Structure formats: C-alpha cells, structure tokens
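Just so you know, this note's numbering puts 1082 at position 699 of the sequence shown, and the rest follows in order with no gaps.
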Amino acid sequence: MNQYDITLADYWRIIRKRKWIIGIIFCIVFVSTVVFTSMQIPRYEASAKIRIELPLDNKSELALWYEAPNLSAEVQVIKSLPVLEKVVEKLEKLPVDEEARKKAIYEYALQYQDKVEVKQQEDTDIVTITAADTIPKKAAQMANTIAEVFLEEGVQGRRRRETIVLQYINKQLEKLKEKIEQDQSALQTLEQEERIFIVAPENKTVLDRMTLQRATTFESEMLGIQIAIEELKSTLNAARENTIVKRLSENFIFVGLRRSLMELEFENYLLLIDYTEKHPLVLQKREEIITAKDKMIAMIRDISALLFDDTMEQEISLVFDHMFLKTKLEVLYRIVNKSYADSGSLSANQLKYFELKRAIDSSIATHERFLKKEEEIKLSVVKDITTIILVSPARPPADPIKPQKRLNYLIGCIIGLLLGMLTGFMAENADMSIGTIEEVEKNLDLLILGIIPRIKVKKDAQNGKKQVKVTMHQAQLISIFSPLAHATESFKALRIHLLQLMKKTNKRIILFTSSIQEEGKSTIIANLAVSMAQLGKKTVLIGANLRRPTLYKLFGISKTPGLTDILIGKVSWEDAMKTPTDIVMGELAIDKLLQTPWIHNLSIITSGDKVSNPSEMLGSTQMDILFANLRKNFDVILVDCSPTLPVPDAITLGNKVDGVVLVYRVGRTGKDVLKRTQVQLTNVDAHICGVVLNDVKTEVQLGPSAYYYQYQYGS
C-alpha cells in the first residue's frame, strides 16, 4: 500500500476535527490567566535620578586632603541601612516607645531594601533610585525621600570632614611649631660645635635634586594621606578592623599580596621621578597595582563574609581604604629614605646638617600650607569633592509594572492555544478509529464504494412527537423526500459503483453488515434500494436483521409476515413481499413515494416474527432456496443483516451471498475492530466487495481529497 505523508491540510483537518477540545482547553487557560491576574496585587515603580560628580583628577591638591569616593561605593551607600533608617523615620508612623521604635525602624529598613533598587547608568555619573510599592504615591515618596536623605548625608558628611580636618590641622600646626624650634636649636648647636662648612656647589646640586625635588613632592602627598587616615579613623570601627587584620595576617597568601603591592607602589613612584603620569611604563605599572588591589579586596570580602553580615558593607569598604592608605604611606617613607641614602658622597656631619636644614624648610612649608588650608576651610572655600545633584524627582506612576494585564493575557492566549492544539493532537493520536480514506485503504486493503455525508434531522417540537418522528424518517429516506440533496447524490454514486462491481463479477445478492450496532447500515441499504429501483432495476430488500429489525420502521410497514415466516414455511415468499402500495398505506403514509419514478420496481421482505434461533434459521436450506427463487425474479437483492462481531448472523450468511459490503461510521469504530470484522468474514470465504463510509461530517474527517475521490472512483 502507498505511504502517505502528513501535510498542512492534514494538520488543519485535525484542528477542525478537535476544535471543541482545543476551544475548551484554550478557554480554561485564558480564564485561569484572567483570574490569576485579577488576584495579583498591583505593584508600582517610581524612579528618581541623581548625579554624583566625582573629581576629574584624584591627584589634585584637593584630593590629597579628601579621599576621593568611588561611584560604585556611593551606590551601595544609597541602599545602606543607615540611609534607609532615616527614610523610614520620615515616611512611616513609628511607636513612641524607644525600644519598639528602634525595632520598627530596623524592620522597615529591611523591607525597604527589598523594595529599592539602585543602578548606575552605564558610562555616566547618573544614578537611578527605583522604589516599588502597592501604592503609586508611596513609591514616588520613597524614591524622592531616599534621594533627599542621601543629599543631606552628603552635606553633613562634608561638614563632618571639615571639622575633622580643622582639628587635625590645629594639632599638626602645634607639632610643626615645636619641631621647627627643636630643629633650629639643633642646627645652631651643630654649626657652633661641629663647625660645618659650606658644601661644594656640585654636591649641593646633587643633594637638592635627590632631596628637595623628590622629598617635597612626596611629603606633600604623605601629608594628604595622613589627613585622610585621620578622617577614616573617626568613622572606622577599630574592633572590626583589628579582627579583619588579625585574620588576614594569618593568611600567607594575603601577606604576599600586600608585599607585592608595596613593591609595585614603590616602583611606580620611582618611575614618576623621571616620567609623566601618561607614560606607558607608568600606566602599565598602575594596571598591575589595580590587579593586586582587586585580589586583596576579594580576600578581604571573603574574610568579612565569615565574620559579619551584609549590613556591614560600608564599614568594610572603609577597612579597604585604611589599609591601602597605610600601604601608600609606608611606600612614601621608603622613597624619602632612599633619596637620603643616594647622597652617599657627603660626610656624616654634612648629611646631618642638610637633613636638619631640609627638615626645617619642609616644616616651614608645611606649616604655611596648613595655615592656608585652615583659612580656606574657615571661609568655606573648600568644596566637597563629591557634588550630588537631583536630576529628576520621582512621580507617581499611572500604570503598575505588575501585573502586566495585556502581556499576561497575550501569554495566556498563546499558552492556551498551544496547549489546546497539543491536547487535540494527542487525542487524535490516541484515537484508534479510522478517520480518512487513506487509513481505510491502508488498514483493510479494501475499496471505498461510497461516502455518505451526515444527514441532519430537523425536529419541530411545536408539532408534537409524531411530527418529530415523521421528520426523522423522512431524513433517513432522503432518496425519496429530498431527491436533489447532496446525500441523495452520494447514494446514487454508491449505486453506480456497486452496479459496476456486480456487472464485472456477475453478483446479485449483496449483504450489508457492520462491525457493531448503530453504524447506519439499515438507512444506507434502504436508500440504496430506492435508488436501484429508480434506475429501473427490479430490487428486493430483505430484512435479515432478526434480532433488532429496523427496515419495517423506516418504511412504516408491518414486519409480519416476513423472512422468519417464509423460512418456517408459514407463508410463501410471494405472499410475504411488501410493495410500494403497502408503504403508502402504512403507518407513515408516505404519499410522496407515488411521485418517485420507477418505484414499483422496489419490493421489501421484512424480518417477520421474532424467533429464538435466528442464526440457525439464516443458515438453513430454506434460506438457500429463498435466495435461488429471488435470483430468478430480481436484478438486485440487498440483504440487511445484523452486525458481525456481536452475533454470528452475518458470518452465517457470508458464504451464501455473492458479496458483502461493510458499513463504517467514520470516527466511531476502532481500526482493530474493523480489521477483526474483515478477518471473520474472510475466514468463512465471504467476498468483501468494499466499504461504505457513513456519517461523514465534512472534509475535516476525510481530508480534502475525499469528495474528489468519490466522483473520480468510477471514471
């Protein structure tokens, strides 16, 4: 047999066939999506943008006095608990009791951390503060208040640092004054007692280059670092720093990294003596320094994670700064000491003399710088290194970010459609019935003799039950009541196919059966008999279904005398024969039958009285005699028999008739059942002429080639 590939038309056929399953699944998923979406609590987001301007040059004189902040660190500060706790105090209603108030503030701050997101816009100094809440106005208030508190914290932090610097400057001025007096006294004593002479000009030039040119610049930077260290000490938790430092000092890897960082810083400062900051060697050395710092930071974070919780992020970052500043200060001490060691051509007294003189000059210069800075701070000339500007405040959002109804509905439609189609295809795959011509031919290797469409019965409840019954029988005898209907044409096509087959094989007696009950064989054989008679063929229709007879009901005639009466010899077959006159005079009073041309060629033998041994009667010699007599007097003999699988009647008659036609209601019977019917009939040497497909709805079941097949079969 031919193998058939699945085409788009086949997929479309399955979709139309299983449209109710697909529709139900789609509706369930979509309704569930609507219910789920409606049950979600709306969540709104509002965003405020601030600009954090950092210094362009961290090596400027101003940066020596203030440790330049890192933008990523500022982002972390915005979301830190101290900032959020102050936001809570401004927004939330808090208990009066002090302990309960602190606890509530802390709990609210933790909740705010989950609701707030802070991000830096890529390659800019703009920071976006996004707050989420179920109330639009509350979300906007939260974002704006966080920005406001962060701005206030920046101003307060600047004032705090100014106060710390002033205090430090005053202490240093007192120390410098004492040191200058001591050094001048020692220098005077050395000049008087040791009689130090003036150094040669070439040696003085070397000394100036090796000391003043280097040491003055480096000592200025050392001074700025010392101030930054003092500032850090005011906010740094000494106990926490000692704990981290102690733990790190036990780690030989970290000790090695710190030693390596000091060597890199030392080499970098030596390069700066002869090169500018943009020189490739200096830039390369700075890259190595950054890599070493990153490794140390990673180790410090790992140690801190074991000792403290995430809320200590800001304080731990201070430990980073303190440690790196101390490292840089140690390196600068080494640089200054090295510059002195390079002046080895001078005598010990000369070195001591020039060291005292350089110390006095340096102290005086430092004293002057301190006085200048003190004056600038007092006059508020000193600007904060970091300038924070509110770019755009948050506004109450109009639409929630969750749930997104349109998106949810779209996703629900897509999932419902896909799930419905998947269920439909699974149902189609699990369906064991045969649904296409190709499947019938493939599984049974039989010809398709006819395709009978579904005959719709129109019920008229206003005219009572009797009218409904008549209308139903009129629909079943469509060859009489609707001669121009499409179903009538289908019976004519079946008639042509069957007559061609009978002519080629000299067959007259054709038995109609099915696999199981209610597949429509009685309706088909009744309309076929009418169609045969209309063609001028002398046709007899035998009701051999002795168990559940139907033909007499279709035509509205009495079932007695009938086949059983003939077989027991009660009446002759001529006396048991029903004619169109009996039909017209019958219960249904089918007057329209008289208008059907050549209807006088139709004769009917009903089932007769009910018997207890129908199978034995059908297999008797009297049945053979009846068939022989009918063969002599009629052109076409159609036998309506019981289903094959439930009872053995059709098998009994299988080898007595010239051919058997199987009636199959599309989509109702499994292919295994139909195959079993074929096997049982073949085992008794019954000649199966072909299959009639009944109750075909549309091309949904049989595919687009069904009707083309129907009209081309006999060509």
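A virtual CB, placed ideally from N, CA and C, is assigned to each residue, including glycine. Every value quoted in this text rests on a predicted model; they were computed, and no experiment measured them.
Per DSSP, what kind of secondary structure is Asp992 in: helix, strand or coil?
coil
Are any of the Cβ atoms in chain D nearer than 8 angstroms to that of Val1062?
No chain D appears in this structure, which consists of one protein chain only.
Lys455 versus Lys788: straight-line alpha-carbon distance, rounded
The identity of residue 455 in the sequence shown is Ser, whereas the question assumes Lys. Rounded to the nearest angstrom, the two C-alpha atoms are 36 angstroms apart.
Given a threshold of 16 other Cβ atoms within 10 Å of its Cβ, counted over all protein chains shown, does Ala781 qualify as buried or as exposed?
exposed
First and last residue of the uninterrupted alpha helix (DSSP H) at Ile892
Note, Ile892: premise wrong, no alpha helix (DSSP H); beta strand (DSSP E) at Ile892 to Ser897.
Alpha-carbon to alpha-carbon, Lys661 and Phe649:
17 angstroms
If you drop the 5 nearest sequence neighbours on each side, which residues of the same chain put their C-beta closer than 8 angstroms to that of Lys629?
none
Beta-carbon proximity list for Val1043, same chain, < 7 angstroms, skipping 5 on both sides:
Leu894, Thr896, Gly1037, Leu1064, Ala1069, His1070, Ile1071 and Cys1072
For the alpha helix (DSSP H) containing Gln494, list its first residue and its last residue.
Glu481 to Lys498
How far does the alpha helix (DSSP H) with Cys1072 in it extend, from its first residue to its last?
That residue, Cys1072, is in no alpha helix (DSSP H); its beta strand (DSSP E) goes Ile1071 to Val1079.
Are Val1079 and Ile861 closer than 8 angstroms when you measure CB to CB?
no
Where does Val1056 fall in DSSP's three states?
helix
Selection from Glu646, Lys709 and Ser873 that minimises the alpha carbon distance to Glu671:
Glu646
Following the continuous alpha helix (DSSP H) through Gly939, name the residue where it begins and the one where it ends.
Per DSSP, Gly939 belongs to no alpha helix (DSSP H) and is neither H nor E.
Cβ pair count under 8 angstroms reaching 3, the stretch 1001-1015 against the stretch 951-971:
yes
Quick check on Ile838: does DSSP put it in helix, strand or coil?
coil
Can the beta-carbon of Gly991 be found closer than 8 angstroms to that of Asp1023?
no
How far does the beta strand (DSSP E) with Ile405 in it extend, from its first residue to its last?
No beta strand (DSSP E) contains Ile405, which is instead part of the alpha helix (DSSP H) from Lys402 to Met422.
Considering only DSSP beta bridges, list what Ser430 is partnered with.
Thr513
Contact the stretch 897-912 vs the stretch 874-887: 3+ CB pairs below 8 angstroms:
yes
Check the DSSP bridge columns for Thr922 and list the partner residues they point to.
Leu985 and Val1019
Taking all protein chains shown into account, decide if Gly1097 is buried (16 or more other Cβ within 10 angstroms of its Cβ) or exposed.
Only weak support exists for where Gly1097 lies, its pLDDT of 34 falling under 50; the coordinates are left without a value.
Would you say Ile435 and Val532 are within 8 angstroms of each other, going by their C-beta atoms?
no
Is any non-hydrogen atom of the ligand FMN found closer than 7 angstroms to the C-beta of Phe864, if you look at the structure I gave you?
Looking for the ligand FMN in the displayed structure turns up nothing, as the structure carries no ligands at all.
Among Val1075, Thr989, Lys521 and Gly795, which has the Cα closest to the Cα of Leu934?
Thr989
Use the C-beta contact count for Val412: other C-beta atoms within 10 angstroms, 16 or more gives buried, fewer gives exposed.
buried
If we count the other Cβ atoms within 10 Å of its Cβ and call it buried at 16 or more, is Gly727 buried or exposed?
Caution applies to Gly727, whose pLDDT of 44 falls short of 50 and renders its modelled position unreliable; the value that the coordinates give is listed next. Exposed, since its Cβ has fewer than 16 Cβ neighbours within 10 Å.
Among Leu1021, Ile433, Ile680 and Leu937, whose alpha-carbon lies nearest the alpha-carbon of Ile771?
Ile433
Would you mind giving the Cβ-Cβ distance between Leu1120 and Thr922, rounded to the nearest angstrom? I have them listed as a contact below 8 angstroms.
With the chain running from 384 to 1098 in the structure shown, residue 1120 is simply not present.
Would you kindly report the start and end of the unbroken beta strand (DSSP E) that includes Arg1048?
Gly1042 to Arg1048
With DSSP run on the structure shown, which of helix, strand or coil describes Leu708?
helix
Run the CB neighbour count on Lys755, radius 10 Å, all protein chains shown included, and call it buried at 16 or more, exposed below.
exposed
When the Cα of Val714 is compared with those of Arg641, Lys520 and Leu474, which residue comes out closest?
Arg641
For Thr338, which residues from the same chain have a beta carbon less than 6 angstroms from its beta carbon, with the 5 sequence-adjacent residues on both sides left out?
Nothing in the structure corresponds to residue 338, since the chain is present only between 384 and 1098.
Quick check on Arg1048: buried or exposed, where buried means 16 or more other Cβ atoms within 10 Å of its Cβ?
buried
For Asn1016, is the classification buried or exposed, using 16 other Cβ atoms within 10 angstroms of its Cβ as the cut-off for buried?
exposed
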